[in-house]
Amino acid sequence: MATTVGPDGRPHYVYTISGVRVEFPAKAYPSQIAMMDKVIRGLQRGQHCLLESPTGSGKTLALLCASLAWQRAEAENVRKFNEAVEASARANLKSVPIQSADATETQLGLPSSANWNTREPIKSESVYLADNSNVKEESVSDMSAFYSDGNSDDDFKMPTKKRTKMSKSPPGRPAIRPAAGTAVKMEDVKKERVTLSTDGQVESPAEQAFIQRKQRIPKIFFGTRTHKQITQVVKEFRRTVYCNTPMGVLASRDHTCIHPQVSRSANKNEGCKTLNDRRLARQDPQQKGGCSYRWQGKEKLKTQGQIRSYGLDKGWDIEDLVSLGRRIRVCPYYGSRDLAEQAQIVFSPYNYLIDPKVRRSMKIPIDKNVIILDEAHNIEDCARESAGGSWSQEDFHLALNDCEKIGNRHPTMEREIDQLAQFCSYMMQWIGKHAPKMKSVGFDREVHVMTGTEFVANLSVDGYGPEPLAELKKIIDYIFSEQLESDYNDKEENEEPQLSAVTQALLEGFLMIVDLMLSGNHVRRDDYRAVVVRTVERKQKKGAGSSFFGKANIASQWTYALNLWCLNSAVVMQEIKESTRSIIVTSGTLSPMASYQSELDIDFKLTLEANHVIPAQRVWIGTISQGPKNSLLNGTFKVTGTFEYQDELGRLLLSVCQTIPHGVLCFLPSYSLLEKLVARWQDTGLWQHLSTLKTIVCESRDSRDFEETLKSFYSAIEDSENALSCNLNGSCELSDESPGKKKSDFPSGAVMLAVCRGKVSEGLDFTDNNARAVVCVGIPFPNFKDTQVELKRQYNDKLSATTPLLNGSEWYEIQAFRALNQALGRCIRHKADWGAILLVDDRFAKTPRYVNQLSKWVRSSIRHFNCFPPMLNSLKEFADNFVAEDAASLIASQQQLILSTQQESQSSTAMVVSSPYFDRSSAAAAVAVSSPQVVNVSEDEGNSLLSENDISVVEPSPVKTNPRSHEMNATPVRPLYSKTVPVAALHPQEMKAAPVRHSLAGKKPFATLLGNSNKLSLSQRKLAAENGSHYFQFTGPTSGNSKFS
125 MATTVGPDGR PHYVYTISGV RVEFPAKAYP SQIAMMDKVI RGLQRGQHCL LESPTGSGKT
185 LALLCASLAW QRAEAENVRK FNEAVEASAR ANLKSVPIQS ADATETQLGL PSSANWNTRE
245 PIKSESVYLA DNSNVKEESV SDMSAFYSDG NSDDDFKMPT KKRTKMSKSP PGRPAIRPAA
305 GTAVKMEDVK KERVTLSTDG QVESPAEQAF IQRKQRIPKI FFGTRTHKQI TQVVKEFRRT
365 VYCNTPMGVL ASRDHTCIHP QVSRSANKNE GCKTLNDRRL ARQDPQQKGG CSYRWQGKEK
425 LKTQGQIRSY GLDKGWDIED LVSLGRRIRV CPYYGSRDLA EQAQIVFSPY NYLIDPKVRR
485 SMKIPIDKNV IILDEAHNIE DCARESAGGS WSQEDFHLAL NDCEKIGNRH PTMEREIDQL
545 AQFCSYMMQW IGKHAPKMKS VGFDREVHVM TGTEFVANLS VDGYGPEPLA ELKKIIDYIF
605 SEQLESDYND KEENEEPQLS AVTQALLEGF LMIVDLMLSG NHVRRDDYRA VVVRTVERKQ
665 KKGAGSSFFG KANIASQWTY ALNLWCLNSA VVMQEIKEST RSIIVTSGTL SPMASYQSEL
725 DIDFKLTLEA NHVIPAQRVW IGTISQGPKN SLLNGTFKVT GTFEYQDELG RLLLSVCQTI
785 PHGVLCFLPS YSLLEKLVAR WQDTGLWQHL STLKTIVCES RDSRDFEETL KSFYSAIEDS
845 ENALSCNLNG SCELSDESPG KKKSDFPSGA VMLAVCRGKV SEGLDFTDNN ARAVVCVGIP
905 FPNFKDTQVE LKRQYNDKLS ATTPLLNGSE WYEIQAFRAL NQALGRCIRH KADWGAILLV
965 DDRFAKTPRY VNQLSKWVRS SIRHFNCFPP MLNSLKEFAD NFVAEDAASL IASQQQLILS
1025 TQQESQSSTA MVVSSPYFDR SSAAAAVAVS SPQVVNVSED EGNSLLSEND ISVVEPSPVK
1085 TNPRSHEMNA TPVRPLYSKT VPVAALHPQE MKAAPVRHSL AGKKPFATLL GNSNKLSLSQ
1145 RKLAAENGSH YFQFTGPTSG NSKFS
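So this is what it looks like as structure tokens:
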């Protein structure tokens, strides 16, 4: 293992893995080396990988370095191959008779393709010509250029595409309309295909042959679960030596729109499309409509060279792009799509890669490319959801109105739009006519279920069989492609009205899913269930406020919807696995891994369950069967509803919170149980007792409250850290907002009551003190009575005898443990972390199969406790050891801080000069003296000091006698010079060093407070000590009297 210096100036470690040189920004953990080996071997062989590596083990960094190192090596192989192809072809071209395009590789003297069969040939340029048409060349981005120095190489360019259309008529309608009464069928337009060279000349068959043999470098699509996680991945990307690889980020308009009005609208897609109506966009965007960010600045952000010129050359995320878009007034949404075309690695949410509708809309090419799906533990659900959909009667009604409004004003497609309108009308009636067949599945919900075959047959009876539906899909595909091309390429010749984005999305989505059902000779039909649902919708009456008793005047009405539920993830994964070079599925919590291969129908040749990087002694994992009063803790639905269980669980959680400092996460199987527990504990007084120990925070069903919930939790943890610090130093105030209260008056941290499968359990980072313990109550099985869950269980039971699918019970169990493992992963986030995991359910001790469903790093360290006292003693011993370790570390870091502060105070002290006469036109002054003191001077004396010492400072308020005070009030002044004036630590034992600094930038004074360690969290102090620094710095403009703390 060698080392080299990375772009950040730090040493990078060099590994040779499966023949590929990999540079890594740190010494790799064994789990990282194992993962990189699997990734590289999978990419080399064109195989698929299923890789689990626990959170905190550096999984994302390993994925990036391995895949990009392989891509760099592959680029060199492709370059050599293409050079050989071109040289051989040129040498032998003249000797080959040009008779047909079937000249063999041997005739052309080309290298054998036997060893290159996993690379995609660069397609020859093609153009579609109509009679008397002029070929207009479009500039197409070079999607395969790979460079590290900003220079491109022609050998890696994808040929420029040139395309013209036969006519303005849609496919299926001839350029000349048929005679009246002639039936018109939507058929593919037959185009004459002619191949041109890059200079527009017709190529010989031999020339076409060697161009088609040239290879391109596979692009990497790196998908993760959320947009927020993309930011974390890009942060890791910046750490690598591969950070100058051309990159792109794809995101929705919700995250990229910067238009002042559209960005605040509820439906940004519809708002953007309406604003960019071509008839308006061609006119003055400022005066007559159109988005100026889209149309006026579109050429500013189209190439990798441009974004590098703006300073985003070594990794950027969507927030960086949005900020740049605001600065140069360019639309980040369309800019990101242009940049992605030229990128060699593209980051996006992974549903963009899975969902065929999104792939088409975003123009994502997956053929022979690499797809990495990180945090993909929910990939089965994502694939099924992408292949299904839900549409209400009201949706079809709005689409009908839109079609009727547009059809009369669309001369070239009036009949086609009318066909769509008729279909929308039919679907409205079809959904409603199933009301008599519905069965109740709840007090406000009824359903009628059909197999996919029954659904298709039902439509066929009414004239919408496979062929008519295929014709409708051709219509909507044509409309979509025309609008997409026009919107993306700024076509101006078509001023016809367009269907709304909502209508297009509805019809395209519905017809694409029906097309999936009918694909492969209709073999996918019974992978679907068509479910008509009637539910009660409650809305406040128009113009009605609250009643006298405070209850809103609510109107209830039945609403109808059609759901097409896909029960087989392989429906959408089939195209992906057949098109891509490799699919790499990875997460920190893939376990149980048994279902992925059968559910996705992907042969994962390479699999990995990596160990955790944390030493075993830093994590405590146990199960408990009985509570403090010896009541059995069995988390089945029947038992959890009893007061005995709820009270026993409350007492257990209370004991854990008494034992574990700072943050505790308690995960429950459902919101309904959470609400029952809260109500019961408030009635019994346990809630009040628990709240004196820790701040109680509950995850809400309403996602809008999520950020505020997290803020409350983190704030309570910070207070507990500060309280611990004060306790080690002696009595002190916890914070300025709570004067006079001591550490003992405050809860020691926070407990979060959350739900498995909720937002708290999915991907959030509760590092260090934020989660010193995770308590998981019960086993989070999906709702057994949920219609979709029930249908999936039945589907698997039916097919498990003849296919590799797990039976319904096995599938159902795996869903529970996958959610459980995801919740357990919130604890232990890095190698130096420590924490406890407690599984509260007697079934873990009774059923070994349940333990085997846990992640490898969990099941290898688990201990079973039947009785509560031994468990609590073991947990307390574990926690006390690490609390003592943290306290010793904190005391050592504080002593280091004190020593550093004292040394600075001795070497550089200052006198603080104050005067009531100072104002904005004058300045306070300070000079270095042997000891700090406060001196009142007149205005003339102050100005004299200022002149004599050539210094300028803000005027501090009189020094307080309270030894815990650390505030400094600053009045804006006009300094004569920019100079730092040291103000001595007034109380070194409490680290109160507070130099004040001025800056002349923009002629606005700035003040910086350095120090005040009591306001720093424990982790911040540790970081300061590790960096040899005794202060943190906060800078901000002064305005009137400002506090810096």
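In the numbering used here, the protein residues as written are 125 to 1169.
Even glycine gets a Cβ: it sits at the ideal position worked out from N, Cα and C.
Residue burial classification, residue i (beta-carbon count within 10 angstroms, cutoff 16)
{"i": "Ala803", "result": "exposed"}
{"i": "Arg649", "result": "buried"}
{"i": "Asp771", "result": "buried"}
{"i": "Lys563", "result": "exposed"}
{"i": "Ile1015", "result": "exposed"}
{"i": "Asn846", "result": "buried"}
{"i": "Leu756", "result": "exposed"}
{"i": "Arg987", "result": "exposed"}
{"i": "Arg569", "result": "exposed"}
{"i": "Pro906", "result": "buried"}
Residues near residue i by beta carbon distance below 6 Å, same chain, minus five either side
{"i": "Arg881", "result": "Ala943"}
{"i": "Arg377", "result": "Lys392, Asn393, Cys396 and Tyr457"}
{"i": "Ser510", "result": "Ile478, Asp479 and Val696"}
{"i": "Asn990", "result": "Ser749"}
{"i": "Glu937", "result": "none"}
Within 8 Å, strictly: CB atoms of residue i and residue j
{"i": "Leu445", "j": "Gly347", "result": "no"}
{"i": "Cys367", "j": "Gly439", "result": "yes"}
{"i": "Gln428", "j": "Leu463", "result": "yes"}
{"i": "Arg953", "j": "Gly180", "result": "yes"}
{"i": "Ala500", "j": "Val709", "result": "yes"}
{"i": "Ala947", "j": "Cys900", "result": "yes"}
{"i": "Ile738", "j": "Lys980", "result": "no"}
{"i": "Val898", "j": "Leu773", "result": "no"}
{"i": "Phe520", "j": "Met486", "result": "no"}
{"i": "Glu823", "j": "Ala874", "result": "no"}
{"i": "Glu176", "j": "Glu832", "result": "no"}
{"i": "Gln339", "j": "Asn206", "result": "yes"}
{"i": "Ala840", "j": "Arg896", "result": "no"}
{"i": "Thr659", "j": "Thr627", "result": "no"}
{"i": "His351", "j": "Pro178", "result": "no"}
Contacts around residue i, its chain only, beta-carbon distance under 8 Å, and the 5 residues preceding and following it disregarded
{"i": "Lys909", "result": "Val565"}
{"i": "Arg483", "result": "Tyr476, Leu477 and Ile490"}
{"i": "Glu443", "result": "Thr355"}
Sequence-distant residues of the same chain with beta carbon closer than 7 Å to residue i, five excluded per side
{"i": "Leu631", "result": "Ala523, Leu544 and Ile600"}
{"i": "Ser693", "result": "Glu504, Ala507, Arg508, Glu723 and Leu724"}
{"i": "Tyr919", "result": "Leu691"}
{"i": "Thr369", "result": "Leu192, Gln468 and Ile469"}
{"i": "Met995", "result": "Gly746, Ile748 and Phe989"}
{"i": "Val975", "result": "Phe968, Arg983 and Ile986"}
Cα-Cα separation between residue i and residue j, rounded to whole angstroms
{"i": "Gly765", "j": "Leu801", "result": "9 Å"}
{"i": "Pro110", "j": "Gly143", "result": "The displayed coordinates of the chain run from 125 to 1169. Any statement about residue 110 would go beyond what the structure contains."}
{"i": "Ala390", "j": "Leu848", "result": "45 Å"}
{"i": "Asp161", "j": "His172", "result": "13 Å"}
{"i": "Asn582", "j": "Tyr795", "result": "39 Å"}
{"i": "Arg539", "j": "Gly531", "result": "8 Å"}
{"i": "Arg450", "j": "Ile382", "result": "7 Å"}
{"i": "Gly809", "j": "Val580", "result": "58 Å"}
{"i": "Tyr139", "j": "Thr731", "result": "21 Å"}
{"i": "Glu595", "j": "Arg705", "result": "33 Å"}
Whole-angstrom C-beta distance between residue j and residue i, which should lie under 8 Å
{"i": "Leu174", "j": "Leu714", "result": "7 Å"}
{"i": "Leu789", "j": "Met876", "result": "5 Å"}
{"i": "Gly746", "j": "Asp651", "result": "The Cβ separation is near 42 Å, so there is no contact."}
{"i": "Phe345", "j": "Val209", "result": "The pair is not a contact, with the Cβ atoms about 27 Å apart (cut-off 8 Å)."}
{"i": "Tyr153", "j": "Gly130", "result": "Contact flag wrong, Cβ pair sits at about 18 Å."}
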